Each structure stands twice: as C-alpha cells, then as structure tokens.
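Asks:
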Amino acid sequence: MSTGNDPSSAIVVGAGIGGLTAAVALRRIGWSVTVLERAPIIAEVGAGLTLWPNAVSALDALGLADAVRDRAVRTVSRGNVRTSKGRWLRRSHPDDVRVLAIHRAALHDVLRRALPESTLHTDAEVVSVAEDGKVVCRCSGEEHDLAADLVVAADGVNSAIRRSLWSGDPVFQGRSVWRGVTPSGSVWPVEESLSLGRGEQVGLLPLPDERVYWFVMANADRPNQLSTDERADALRHVEGWHDPIPELVRATPPDQVLHNDVVDIDPVPSFVRDRVVLLGDAAHAMPPDLGQGACQAIEDAVVLAAALAADPDTTAALASYDDQRRARVQPMATAARESVRRTANTNPLTHLAVTLAARLVPPKAWRKATARWSDWTAPPVPQQENKRS
Ligand SMILES: Cc1cc2nc3c(=O)[nH]c(=O)nc-3n(C[C@H](O)[C@H](O)[C@H](O)COP(=O)(O)OP(=O)(O)OC[C@H]3O[C@@H](n4cnc5c(N)ncnc54)[C@H](O)[C@@H]3O)c2cc1C
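Residue numbering for the sequence shown follows the UniProt record's numbering, starting at 1 and increasing by one per position.
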C-alpha cells in the first residue's frame with residue numbers, strides 16, 4: 001500500500017463504479033493508485049444499468065468501451081412508452097438515442113479487470129480524511145495513517161468524507177424503487193419499455209443471455225420502509241399491469257429483489273477541497289430518472305484524469321475539474337429532481353399531460369430531449385507509463 005508523498009499518488013476511497021473508473025483513469029496517466037473499499041469483497045450487487053453515449057465515450061477514452069459493449073445489449077432507453085394497461089403511447093424510432101444495457105456486475109468486472117490486484121484493498125474503511133490528503137484507514141481491524149497527493153472521495157451518496165469536509169446529508173425524494181434481474185428465458189423476448197401509471201413507472205430492459213432488468217418506481221411517504229418480502233411489495237404495485245410485468249417480477253428470486261429509497265443531495269459549492277475531490281454519487285447523487293448517475297461518475301473520472309494530465313500544476317488541474325464538472329452535472333441533478341416532481345405527481349391532469357407528451361412529441365424533439373444530457377464527448381486521457389504500480 002502506498003503511504004508516501006509521491007508527487008503522483010492517489011488514494012481512491014470506494015470501489016463502486018466511480019471509484020474503479022477513477023483508479024483506471026489515474027493509472028492511465030501514470031499515477032500510483034490505492035483503492036480502499038470497506039466491504040470485504042469488491043463486487044457490485046444491483047441490477048441493470050443504462051450507459052448513455054456520453055458514458056460510452058468516456059469508457060472509450062480509457063480503452064474499455066469494446067469490453068463493455070461485449071457484455072451489453074444495444075437498445076433504446078425510453079423509446080417505447082406504454083400505459084400501465086399496455087396501450088402503446090410511443091414506439092421506438094430510428095432516430096432515438098441508443099444506449100447500452102448492462103448488468104452492473106458485468107460493468108464492475110470490466111473495470112476491476114483493468115486494475116492490478118495490488119491496487120485494491122478490501123476490508124479497508126476510511127475513517128477520516130484531512131484536506132491535505134492525510135487519510136486514516138481501519139484496514140482489517142487495524143488503524144493506519146496514509147497520505148497521498150490526492151484523495152478521491154468516491155464513497156457514494158452517504159459519503160462520510162463529504163459530510164465531514166463539506167456538508168450535506170442525502171435528501172429523500174418521496175420515492176421508492178424496486179429492482180431485479182429475471183433469469184434467462186422465463187419470459188423472452190422482452191422489448192425495452194417504460195410503462196406509466198399515475199405516480200408509478202415500470203421499466204424493462206433486455207440484458208445479455210436473455211435476462212431482463214426491471215424496475216418499479218412508486219411514491220413513498222417515508223424512507224426506510226424495509227420489508228421481509230420485497231418481491232411481494234413490488235408485485236403489489238404492478239398488480240393488473242400489462243404483461244409481462246407481473247410475470248417478470250414473480251420470476252425473480254425473492255432474495256434478489258432490491259429496494260432503495262430515492263435520495264439525492266443538494267448541490268455542493270465545490271467538488272474540491274485542497275487535495276480532496278468528490279466524485280460520483282458522493283459529489284452529485286441524483287434521482288435515477290435520467291439514468292445518468294453512474295454515467296456521470298464515469299465522466300468525472302475521465303475529466304479528472306484529463307485535467308491532471310494536461311496541467312502539471314495539481315491545484316490548477318483540480319480547479320479545472322471542479323469548474324467543468326459542476327457546470328455539467330449540477331443542472332442535470334436539478335433536472336432529475338424536477339423529473340421526479342412530474343412523474344410522482346398523481347394528479348390526473350398531470351398524468352394526462354405526461355402521457356400526451358409521450359404520444360405527441362415528434363421524433364426529432366424526443367431525440368433532442370433525451371440527448372440533452374448524453375450529447376457529450378470525452379476529452380482524451382493520454383496513456384502514460386505507470387512508474388510505481
Ligand atoms: C434504482 C436506480 C437505478 C439507476 N439506474 C442508473 C442507470 O440506468 N444509469 C446510470 O448511469 N446510473 C443509474 N443509477 C445511479 C447509479 O447507480 C449511481 O450513480 C452509481 O452507482 C454511483 O456510483 P459511485 O461509485 O459514485 O457510488 P457507489 O456505487 O455507492 O460506491 C461507493 C463505494 O464506496 C464504498 N465506501 C463507502 N464509504 C466508505 C469508506 N468510508 N471507506 C471505504 N469505502 C467506502 C462503498 O462500500 C461502495 O463500494 C441508478 C440508481 C438507482 C438507485
């Protein structure tokens with residue numbers, strides 16, 4: 001484990017999609033990287049994920065897009081829209097933006113394989129971080145003092161680093177979401193679709209190997225309403241919905257149905273504090289309505305590495321990262337929050353407006369709206385020799 005003050009050393013806190021991508025990107029520009037993950041193993045639970053063209057461009061800048069494509073299905077997101085009873089409001093159009101649908105575990109695996117094992121430390125919980133890059137880690141039960149030129153706080157929406165050096169607790173958005181991946185072949189083929197009820201949404205996405213990723217989003221009056229049978233709770237919301245939604249939920253093993261509160265954070269005034277940077281959900285957790293949270297974590301990682309490679313003055317490079325990323329991602333997080341207000345609204349007139357929009361908006365305008373956030377090209381991330389891996 002690197003503990004010195006090497007001029008190009010980074011400690012990445014958290015081995016989620018954001019942390020692993022940051023580790024890959026920083027190693028690519030020749031930095032020495034240590035990833036600290038508090039969990040005993042590095043693995044991504046979770047269900048499916050859509051990767052929009054912006055994230056694919058960022059993965060391309062790291063040389064990983066082909067490996068990701070190999071494990072994904074190319075499809076549309078929100079191209080096919082239905083009512084809860086199955087009436088089509090909109091059918092996918094050739095102009096619709098194409099996304100990659102992938103199992104989170106597969107994306108995580110591609111990122112992990114791009115890193116040497118020696119970079120990754122599990123059972124390593126960061127208990128404090130100072131602005132100058134000093135870190136205290138409880139690694140396998142023992143406390144260690146570490147230091148690096150840069151600490152990347154990729155410790156998720158509940159980031160203890162954000163809360164200690166900045167401020168900002170997660171904000172519950174009055175929504176709950178259940179997710180699952182139905183094993184292969186039980187109901188196949190399944191088309192990508194988004195089905196709209198009053199205040200409720202169900203999404204279906206085909207994954208490789210004839211699996212289907214589904215999610216059910218509904219209003220909730222308070223957070224943390226955990227249940228001993230999450231699948232039954234999800235099913236309750238989709239009773240009477242069109243085929244194959246109830247069947248897909250029923251065919252998912254109950255212990256593999258995930259339930260999360262929808263939370264985000266208020267915008268933070270800066271992503272950088274001296275030698276510590278926020279990245280991914282720690283910096284800008286947003287509701288999942290735009291399907292961009294992980295895509296933005298991947299973008300963050302690439303922009304951070306590109307900025308550090310372009311400017312030998314680390315302070316200036318971090319300022320550039322801060323400017324670029326806040327300008328792009330904070331309006332997006334606000335838009336995701338506004339989207340929740342619309343889709344959670346149970347007023348019949350609002351629901352009518354949402355369904356009418358799906359029916360009447362012409363393909364070009366639909367594309368423009370969905371491409372609003374995905375139209376982004378990654379900066380190059382120059383491959384440099386890693387001096388100290
Ligand atoms: C229902 C739902 C659907 C979504 N769909 C999409 C989608 O289709 N497309 C998309 O782009 N995004 C989507 N997202 C958003 C996406 O899941 C997140 O934005 C993304 O996973 C965030 O990654 P991260 O690495 O920043 O954080 P996390 O995945 O939360 O990783 C944080 C890591 O840090 C570790 N950690 C925490 N504290 C410490 C500590 N003190 N010391 C060491 N390690 C620590 C944790 O164990 C964890 O491994 C969705 C989210 C939800 C809830």
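Idealized CB from N, CA, C, for every residue including glycine.
None of these values were measured; they are calculated from a predicted model.
Measure the alpha-carbon distance for V152 versus T346 and round it to whole angstroms.
Replies: As a working note, residue 152 is residue 152 in the sequence shown. As a working note, residue 346 is residue 346 in the sequence shown. Distance between the alpha carbons of V152 and T346: 40 Å.
Asks: Going by DSSP, what residue range makes up the alpha helix (DSSP H) through S320?
Replies: Counting from one through the sequence shown, the residue named residue 320 turns up at place 320. Where S320 is concerned, the enclosing alpha helix (DSSP H) stretches over T314 to T343.
Asks: What would DSSP say about A234, mapped onto helix, strand or coil?
Replies: As a working mapping, residue 234 is identified with position 234 in the sequence shown. If DSSP states are grouped into helix, strand and coil, A234 belongs with the helices.
Asks: Taking just the CA atoms, how far does I161 sit from S227?
Replies: Residue mapping note: residue 227 aligns to position 227 of the sequence shown, counting from 1. Residue mapping note: residue 161 aligns to position 161 of the sequence shown, counting from 1. Taking the straight line joining both Cα atoms gives about 30 Å.
Asks: Measuring CB atoms only, is the region 144-151 touching the region 261-280, in the sense that at least three cross pairs come out at less than 8 Å?
Replies: Contact holds: three or more Cβ-Cβ distances are below 8 Å.
Asks: For R175 versus L258, is the C-beta distance shorter than 7 Å?
Replies: In the sequence shown, counting from the first residue as 1, residue 175 sits at position 175. In the sequence shown, counting from the first residue as 1, residue 258 sits at position 258. Against a cut-off of 7 Å, the Cβ pair of L258 and R175 comes out as no contact.
Asks: What would DSSP say about D145, mapped onto helix, strand or coil?
Replies: Within the sequence shown, the letter at position 145 stands for residue 145. Strand.
Asks: Helix, strand or coil for L349, going by three-state DSSP, please let me know.
Replies: Reading the sequence shown from its first residue, position 349 is the one you call residue 349. Helix at L349.
Asks: So for I41, helix, strand or coil by DSSP?
Replies: For the purposes of this step, residue 41 is identified with residue 41 of the sequence shown, where counting begins at 1. Residue state, collapsed to three classes: coil.
Asks: Could you pull the start and end residues of the beta strand (DSSP E) that N260 belongs to?
Replies: On the sequence shown, position 260 is the one that residue 260 refers to. Counting along the chain, the beta strand (DSSP E) containing N260 begins and ends at L258 to D264.
Asks: Considering T21, what are the terminal residues of the alpha helix (DSSP H) in which it resides?
Replies: Numbered from its first residue, the sequence shown carries residue 21 at position 21. It spans I17 to R28 - the alpha helix (DSSP H) in which T21 sits, taken as one unbroken run.
Asks: Any idea which residues DSSP pairs H103 with across the strands?
Replies: As a first step, residue 103 is located in the sequence shown; it is residue number 103 there, counting from the start. Paired residue(s): G48.
Asks: Would you be able to state if there are at least three C-beta pairs under 8 Å between the region 25-41 and the region 118-129?
Replies: Yes: at least three Cβ pairs fall under 8 Å.
Asks: Can you tell me the Cα-Cα spacing of T343 and A369, whole angstroms?
Replies: Counting from one through the sequence shown, the residue named residue 343 turns up at place 343. Counting from one through the sequence shown, the residue named residue 369 turns up at place 369. Their Cα atoms are separated by approximately 16 Å.
Asks: Closer than 6 Å by C-beta to A306: which residues in its own chain qualify, once you throw out the five before and the five after it? Chain order, please.
Replies: What you label residue 306 is simply residue 306 of the sequence shown in a count that begins at 1. Correct list, in chain order: P379 and V381.
Asks: I need the straight-line Cα distance from Q384 to L26, nearest angstrom please.
Replies: As a position in the sequence shown, residue 384 is number 384, starting the count at 1. As a position in the sequence shown, residue 26 is number 26, starting the count at 1. The alpha-carbon atoms of Q384 and L26 are separated by roughly 10 Å.
Asks: Hey, quick one: how far does the beta strand (DSSP E) through K134 stretch, first residue to last?
Replies: Residue 134 sits at position 134 when you count from the first residue of the sequence shown. From DSSP, the beta strand (DSSP E) with K134 extends over K134 to C139.
Asks: Can you have a look at G63 and say buried or exposed, based on whether 16 or more other CB atoms are within 10 angstroms of its CB?
Replies: Start at 1 with the first residue of the sequence shown, and residue 63 comes out as number 63. So G63 ends up on the exposed side.
Asks: Classify T370 as helix, strand or coil using the three-state DSSP reduction.
Replies: Translated into the one-based positions of the sequence shown, residue 370 becomes position 370. Here T370 sits in helix by DSSP.
Asks: Please classify T34: does DSSP put it in a helix, a strand, or coil?
Replies: Taking the first residue of the sequence shown as position 1, residue 34 is located at position 34. Residue state, collapsed to three classes: strand.
Asks: May I ask you to report which of helix, strand or coil DSSP gives R113?
Replies: Counting from one through the sequence shown, the residue named residue 113 turns up at place 113. R113 falls in the helix class under three-state DSSP.
Asks: Once DSSP output is grouped into helix, strand and coil, what is the label at R163?
Replies: Position 163 of the sequence shown holds residue 163. Looking at R163 - three-state DSSP - the assignment turns out to be helix.
Asks: For the region 290-298 against the region 311-318, are there 3 or more C-beta pairs whose distance is under 8 Å?
Replies: The region 290-298, when compared against the region 311-318, does not touch it at the 8 Å Cβ threshold.
Asks: Give a yes or no on whether the C-beta atoms belonging to residue 397 and A114 are separated by under 7 Å.
Replies: No statement about residue 397 is possible, as the shown extent of the chain runs from 1 to 389 and does not include it.
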